[in-house]
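Participant: Got a structure for you, questions after.
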Amino acid sequence: MRIGLFVTCLVDAMRPSIGFASVSLLEAAGCEVTIPDTQTCCGQPGFNSGDRPSGIQLGLAFLRDFEGFDAIVAPSGSCIGMIHDYPTLFKDDLALQARLNVLTAKCYELTDFLVNHAPKPLSPGRLSMTVSYHDSCTGLRQLEIKSQPRFLLQQTQGVELREMKDAEICCGFGGSFSIKLGDIATQMADKKCAHALETGCDAIVGGDLGCLLNIEGRLRRRGDPHTQVKHVAELLAESLVNPQLEKS
Amino acid sequence: MKIRSEQFKGNVRKQLADEALQSNLSRFGGGFADRRRDALVKVDDFEALRDRGASIRAEVLENLDYWLLKFEAEAQRRGTQVHWAETGAEANQILLNIARNAGVQRVVKSKSMVSEESGLNEVLTEAGMTVTETDLGEYILQLANEPPSHIIAPAIHKSRDEVSALFEKHHGTPRTDDIPSLCEEARGQLRPHFLAADMGVSGGNFLIAETGSVTIVTNEGNGRMVTTLPRVHVAMTGIEKVLPTLEDLSAILRLLPRSATGQDITNYVSILTGVRDEGAMDGPQENHVILVDNGRSRLLGGDLHDALRCIRCGACMNHCPVYQNIGGHAYGWVYPGPIGAILTPAFLGLEKALDLPQASTLCAACEVVCPVRIPLPDLMRVLREKELTQGLRPWHERLSIRLWRWLALHPGWYAFAARWGTRLLRGMAGSDRLLHTLPGLDGWTEGRDMPAPQGETFRDQWRKKQAAERKIIPIRLDPSPSEKKAGLKK
Ligand code: SF4
């Protein structure tokens, strides 16, 4: 299965390890991974700020970069959500809309792909830690990403998943919202941190880097240098290095 | 009502710093949301009910003129007088005339958000009448001289202590923290007002076209008394509130209380039709309905049309994390939360509420609970688009969006900018690999650090890795000559 990996702009700039982790996981699940070099961003930052041309023009660029693949995967529910909205931006061009419909139907968020669409099931390895999973909004509400990352974490030997209170409530990132109305965003992030820490977890885990930067940013400012904030892909890829032990 | 939506950011700062408010918000936060969730467990297919609700409301709005005229004809046939007001001020004037003609001195009110829009109480008071709010929440706010902060629980921002202190001040009664005694006390205070009132003013949750009735959905008995005891009753409500039939009302009533408070049904559902029958003991001798536009018709057929489906259940604010952190007053007008972020700019004009459509992470918690499936995040995005295209956003924001878009469409330049941008950020970070301040982004760094970029960009690293694996010399993706020349490659 030929997979086009959409790395996302945030991962490209801020945390490339999530991109590399995604590649390892997809390969471990039997995929052949290609990363088109002309990809940049799905257009969401502009589009959500009210700039429709951002969505339209980057939608076309996405079509150019990814039309040929069997499936397209991104380590972000938020970007895949935006991509799934592309067809609605081309109501006046039915031919183009049809092409985008075909394309977006095979665009998946990483954990959803691994659990439900990969050529062979991923078998995570072993780690030793307790984690708490934050549900990012677009993945959760638009793409119904909820059980997939949890399933993979539970498959990982030595990982204990502890649910935090209000895991489904927004962390306050919201793209430019987190800057325009930073004081509200900060308070929302603060509550998220508090709920996660109540579980006593070693790592707060999520599937969208935007949220993770927001949560980690607040966590560090609160004076917590220890609790890790990780993308689920990073954890799963790290686990692959340690094969599972036979249960005695 | 006084408009404070222009000072949204200042309002927010105040609300976030208000410790009492924050404690009240977090104490009740999620209360309605939990109750809604529990109530839905008992319903077979709530999603199908939502579909039905959405289509009933959408179909009415398709033929709003027809249903309103039908309502008018049926109401008049049963002795109700129907008035049309284009603005809130006009609605107030109509009501004032009714009151003067009927020699009204004392007015009792049950909850009406439209009368908050029009600022009715001040007008009546200035005209020398006494006005008493009889909804418990509204009564508390009248004593406190504050506007409502929620559409179904107007005094939700007040704790029982604050209420008790208000009652002590205004009724001269001793403090208590027992909620039933506080309710009893309010009841005792209100009863003489009901008995002495010449006129009752109510809102109207729904207008029923086939019978010309006004429907009121409440949990307190006050609505019944306001609409039946005084000799004159006036309902003041928005033109979008009409439903074709009682059958439709019953479908909507399956949605409204569950979405609002998690109740299967409210304590009272009143369907008020016409005037007192000859020889009957109660009911108004004069019954009026004022149909208020106040900006609504401007939305019909436009890109905010769907917002008119709203049945004012409050679920969107109960589930909105922004509302739950700043409370309703921050929004600065009658309607707070996600629906307020749309209706306020839509009714008052975008320039009066520039920050409201921005006050959302677009997390869609509202959209998935709205009983009539209003795509609230999409509508906020529509308003953001209007702000941008009408030049209502600050110049630096407009510029940076354009610049960003240009870069994102030119992968070579984009890679170049990302490469140097991340290097710069890494250079600025301390040994803890955090950025504590970022020029121009203090909105972020006031309350949060920014984790520094990890290293080279993914694409730079990937190219190097691939080149090493294939033992070929890496080609750096820099702006291609044609891109450099043409500026735009398509
Ligand atoms: S927008 Fe929907 S959820 Fe919000 S008050 Fe109106 S009907 Fe209720």
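For the protein sequence lines, the chains are A and B, in the order given.
Mapping the first sequence onto my numbering, position 87 (from 1) lands on 87, and the numbers just tick up by one.
Mapping the second sequence onto my numbering, position 65 (from 1) lands on 65, and the numbers just tick up by one.
Even for Gly, the Cβ is constructed at its ideal location relative to N, Cα and C.
Determine whether the Cβ of residue 17(A) lies closer than 8 Å to any Cβ atom of chain B.
Facilitator: Yes, its Cβ sits closer than 8 Å to a Cβ of chain B.
Participant: Please tell me whether residue 33(A) has its Cβ less than 8 Å away from any Cβ of chain B.
Facilitator: For residue 33(A), the answer is no, since every Cβ of chain B falls outside 8 Å of its Cβ.
Participant: Got a sec: is the Cβ-Cβ distance from residue 307(B) to anything in chain A below 8 Å?
Facilitator: Residue 307(B) does not count as touching chain A.
Participant: State the Cα-Cα distance for the pair residue 487(B) and residue 37(B), rounded to the nearest angstrom.
Facilitator: Residue placement at residue 487(B) is flagged as unreliable, the pLDDT there being 47, under the threshold of 50; a coordinate-derived value is accordingly withheld.
Participant: Should residue 432(B) go down as buried or exposed, given a rule of 16 or more other Cβ atoms within 10 Å for buried?
Facilitator: Flag for residue 432(B) reads exposed.
Participant: Compile a chain-ordered list of the residues in the region 16-34 of chain B whose CB is closer than 9 Å to at least one CB of chain A.
Facilitator: Cβ contacts with chain A: 16, 22, 26, 30.
Participant: Residues in its own chain within less than 7 Å of residue 146(A) by CB, not counting five upstream and five downstream?
Facilitator: Here the set comprises 135, 140.
Participant: Cα separation between residue 160(A) and residue 202(A)?
Facilitator: Taking the straight line joining both Cα atoms gives about 10 Å.
Participant: What did DSSP end up calling residue 465(B) once you bin it into helix, strand or coil?
Facilitator: Helix at residue 465(B).
Participant: For chain B, is any of its Cβ atoms less than 8 Å away from the one on residue 189(A)?
Facilitator: Closer than 8 Å to some Cβ of chain B, the Cβ of residue 189(A) qualifies, so yes.
Participant: Per DSSP, which residues does residue 83(B) bridge with? Please list them.
Facilitator: Answer by DSSP bridge pairing, in chain order: 290(B).
Participant: What would DSSP say about residue 488(B), mapped onto helix, strand or coil?
Facilitator: Residue placement at residue 488(B) is flagged as unreliable, the pLDDT there being 43, under the threshold of 50; the coordinate-derived value follows with that caveat. Reduced to three states, the DSSP call for residue 488(B) is coil.
Participant: Could you check where the beta strand (DSSP E) with residue 259(B) kicks off and where it finishes?
Facilitator: Where residue 259(B) is concerned, there is no enclosing beta strand (DSSP E), although the alpha helix (DSSP H) it sits in stretches over 246-260.
Participant: What is the DSSP secondary structure of residue 187(A), reduced to helix, strand or coil?
Facilitator: The answer is helix: DSSP assigns residue 187(A) an H, G or I state.
Participant: Can you tell me whether DSSP reads residue 206(B) as helix, strand or coil?
Facilitator: Strand.
Participant: What residue range does the beta strand (DSSP E) around residue 238(B) cover?
Facilitator: Residue 238(B) -> beta strand (DSSP E) spans 232-238.
Participant: Tell me which same chain residues have a C-beta within less than 7 Å of the C-beta of residue 238(B), skipping the five on either side of it?
Facilitator: Same-chain partners within the cutoff: 114, 292, 296.
Participant: Measuring from the CB of residue 374(B), is there a heavy atom of the ligand SF4 at a distance below 7 Å?
Facilitator: Yes; taking the cut-off as 7 Å, the Cβ of residue 374(B) has a heavy atom of the ligand SF4 nearer than that.
Participant: Rounded to whole angstroms, what's the CA-CA distance from residue 439(B) to residue 319(B)? Just pull it up for me.
Facilitator: Near 34 Å, if we compare the C-alpha coordinates of residue 319(B) and residue 439(B).
Participant: If you compare alpha carbons, which of 311(B), 446(B), 214(B) is closest to residue 273(B)?
Facilitator: Looking at the Cα atoms, 214(B) is the closest of the given residues.
Participant: Could you compute how far the alpha carbon of residue 148(B) sits from the alpha carbon of residue 111(B)?
Facilitator: About 10 Å.
Participant: Nearest-angstrom Cα distance between residue 489(B) and residue 411(B)?
Facilitator: Residue placement at residue 489(B) cannot be trusted, given a pLDDT of 39 that sits under 50; the coordinates are not used to answer.
Participant: Inspect the CB distances between the region 330-342 of chain B and the region 387-397 of chain B and report whether three or more fall short of 8 Å.
Facilitator: Contact fails: fewer than three Cβ-Cβ distances are below 8 Å.
Participant: Measure the CB-CB distance between residue 60(B) and residue 244(B) and report whether it falls below 8 Å.
Facilitator: Against a cut-off of 8 Å, the Cβ pair of residue 244(B) and residue 60(B) comes out as a contact.
Participant: What is the rounded straight-line gap between the Cα of residue 289(B) and the Cα of residue 40(A)?
Facilitator: In a straight line, the C-alpha of residue 289(B) is about 57 Å away from that of residue 40(A).
Participant: Which same chain residues, not among the five before or five after residue 107(A), have their C-beta less than 6 Å away from its C-beta?
Facilitator: Counting only Cβ-Cβ distances below 6 Å, and skipping sequence neighbours, we find 72, 80, 83.
Participant: Measure the C-alpha to C-alpha separation of residue 30(A) and residue 113(A) and round it to an integer number of angstroms.
Facilitator: Each residue's Cα considered, the two are about 12 Å apart.
Participant: Let me know the secondary structure DSSP gives residue 74(A) once reduced to three states.
Facilitator: Strand at residue 74(A).
Participant: Taking the alpha-carbon positions, what's the residue 308(B) to residue 366(B) distance?
Facilitator: Residue 308(B) and residue 366(B): Cα-Cα distance of roughly 16 Å.
Participant: Along chain A, which residues have their Cβ under 9 Å away from the Cβ of residue 371(B)?
Facilitator: Those within 9 Å of residue 371(B) in chain A number zero; the least Cβ separation is about 16 Å.
Participant: Let me see if you follow: with CB-CB separation under 8 Å, is residue 1(B) close to chain A or not?
Facilitator: No, residue 1(B) does not count as interfacial toward chain A.
Participant: Short of 7 Å Cβ to Cβ, which residues in the region 391-413 of chain B face chain A?
Facilitator: Listed by position along the chain: 401, 404, 405, 408, 409, 411.
Participant: At the 8 Å Cβ level, is residue 41(A) part of the contact set with chain B, yes or no?
Facilitator: Cβ-Cβ to chain B under 8 Å: yes for residue 41(A).
Participant: Please determine whether the Cβ atom of residue 136(A) lies at a distance below 7 Å from any heavy atom of the ligand SF4.
Facilitator: Flag unset: Cβ of residue 136(A) not near the ligand SF4.
Participant: Of the residues that make up the region 48-62 of chain A, which ones have a beta carbon closer than 8 Å to any beta carbon in chain B?
Facilitator: Within the region 48-62 of chain A, the qualifying residues are 48, 49, 50, 51, 52, 53, 54, 57, 58, 61.
Participant: From the beta carbon of residue 11(A), is the nearest beta carbon of chain B less than 8 Å away?
Facilitator: So yes, residue 11(A) belongs to the interface.
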